[in-house]
Each structure stands twice: as structure tokens, then as C-alpha cells.
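**Q**
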Amino acid sequence: IALQAKIGEESVKCISDGAVELYYDNDRKLRTISSGCQVESATGDTFLVVRSEEDDAGSDAFIRLQVENTSATSGVLFGDSADGDIGQILYEHADNSMRFRTNTAEQWRITSAGHFENNDNSIRIKLGASDALQIYHDGSNSHVEEVGTGALLLKGDGVSIGATSGEFYIRGFENGSSLLRYDNSTK
7 IALQAKIGEE
17 SVKCISDGAV
27 ELYYDNDRKL
37 RTISSGCQVE
47 SATGDTFLVV
57 RSEEDDAGSD
67 AFIRLQVENT
77 SATSGVLFGD
87 SADGDIGQIL
97 YEHADNSMRF
107 RTNTAEQWRI
117 TSAGHFENND
127 NSIRIKLGAS
137 DALQIYHDGS
147 NSHVEEVGTG
157 ALLLKGDGVS
167 IGATSGEFYI
177 RGFENGSSLL
187 RYDNSTK
């Protein structure tokens, strides 16, 4: 079945045992495929717009990805002609984590407890226009580095540097004392 808005211009096609296609100005924009639905354009950018047309603070717009199995995955895949899923944002329902993948490898994860995790010692958190502040683990040690031209400043009403056991090495207090400690004893 085919509907034409005018002679020679496709509007709707219903293909037997197959796709349904919708056209705008003779350019196919939406079609059903065996795995769902595809939005496309022969030229220019392609957009899928979900719009709430009511002008009201409670009229929001959402894209919902919902699965039936609590161990399944929901996600958004980014691809090109060479690789259909080279980038991914995945929600793993089995452990309620959000995962971020680039170049098909997981780079970061937000756990159900809200922890931001990375299990690769070669990955750094880089901040600033020139990546001057870097935080990373090299497999043996944890690092906070200023690799630009400035200084690394730690600021607070009180600043302490110490061991995970609670023992302090250095303590400083605004408008107060500065303490050097050895074996948890002030020197």
C-alpha cells in the first residue's frame, strides 16, 4: 500500500510482511525494521525530537528505555559507518550501574552506591583548559599532580595530611597553629 500526497511524491508506504515507511518531501524519514524503528534522512543532519508542546512547568519530555528482565541492559549506542556501537552509555539493571564506553571499551562506571569508578591504571582525570590538574593511580601509588605552570594549592579552615589509619603527619589551621607530627606525636 502506498499513499502519495501528490503525484510522484511518496508519503506512506506499507510493504507486505515488511516495513512501514514515512516520507517528508519525498525523503524517507522513518521506517520500521526487523529490530524496531529507524529515523533517517538522505541529506543533512537527522534528529529524533521528543517534544512536550504544553507550555507548563510540569510538561516535561523524556526518552524512556525500558526492559522486562531485571538483568538486561538499556543503552544508547553511538556509531558510524565503520562501527555501529563504538561509543556507549549503558545501564546495567543486574547491578544498577551506569557504564560509559568509548572505542568499545568501558572507561567509567557509576555504581548503585554513587561511586565513580575506573579499573584501568592508565586512565587519568584531567581538569582545566590545558589538563593541568591530573588525578590518577599508577598501579602502585595514587597521584594528584599539577602539571601546568601554576602551583597545587590545598585550601581549607584546617588542612591535614595523614595516614588512612587516622594518624596525621602535618596539620595546619587558619589563623592558628601549624603542626608537624612524628608517630602521631607533635614535634
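Numbering of the sequence shown is given in my numbering, commencing with residue 7 and proceeding in unit increments.
The beta-carbon is built from N, C-alpha and C at its ideal position, and this holds for glycine as well.
Since the structure is predicted, the reported quantities are computational estimates derived from the model, not experimental observations.
#1: Sort out for me which residues DSSP pairs Thr79 with in a bridge.
#2: On the CB-based measure, 16 or more other CB atoms within 10 Å of its CB, does Arg107 come out buried or exposed?
#3: Taking the beta strand (DSSP E) that Asp33 belongs to, which residues open and close that run?
#4: What are the boundary residues of the beta strand (DSSP E) that includes Arg115?
#5: Can the beta-carbon of Arg115 be found less than 8 Å from the beta-carbon of Glu123?
#6: Can you grab the Cα-Cα spacing for the pair Leu185 / Asp61, in whole Å?
#7: Output needed for Val45: all residues of its chain with C-beta closer than 7 Å, excluding positions within five of it in sequence on either side, in chain order.
#8: Can you tell me where the beta strand (DSSP E) holding Val150 begins and where it ends?
#9: Can you confirm whether the segment 165-183 touches the segment 144-153 when touching is taken to mean that 3 or more C-beta pairs between the two stretches lie within less than 8 Å?
#10: Measuring only the C-alpha atoms, how far is Ser58 from Arg70?
#11: Among Phe68, Ala48 and Ser17, whose alpha-carbon lies nearest the alpha-carbon of Val56?
#12: Tell me Glu16's beta-bridge partners as DSSP assigns them.
#13: For Tyr29, count neighbouring Cβ atoms within 10 angstroms of its own Cβ and tell me buried if that reaches 16, exposed if not.
**A** Inspection of the coordinates gives the following:
#1: DSSP output for Thr79 lists Glu98 as bridge partner(s).
#2: Buried, since its Cβ has 16 or more Cβ neighbours within 10 Å.
#3: Taken as a continuous stretch (DSSP letters only), the beta strand (DSSP E) holding Asp33 covers Asp33 to Ile39.
#4: Arg115 -> beta strand (DSSP E) spans Ala111 to Ile116.
#5: A contact, by the Cβ cut-off of 8 Å.
#6: The alpha-carbon atoms of Leu185 and Asp61 are separated by roughly 60 Å.
#7: Contacts found: Lys35, Leu36, Thr52 and Leu54.
#8: From DSSP, the beta strand (DSSP E) with Val150 extends over Ser148 to Glu152.
#9: No, because fewer than three Cβ pairs between the segment 144-153 and the segment 165-183 fall closer than 8 Å, the two stretches do not touch.
#10: The alpha-carbon separation between Ser58 and Arg70 amounts to approximately 14 Å.
#11: The residue with the shortest Cα to Cα distance from Val56 is Phe68.
#12: In the DSSP output, where bridge partners are listed per residue, Glu16 has Gln10.
#13: Counting Cβ neighbours within 10 Å, Tyr29 comes out buried, since at least 16 surround it.
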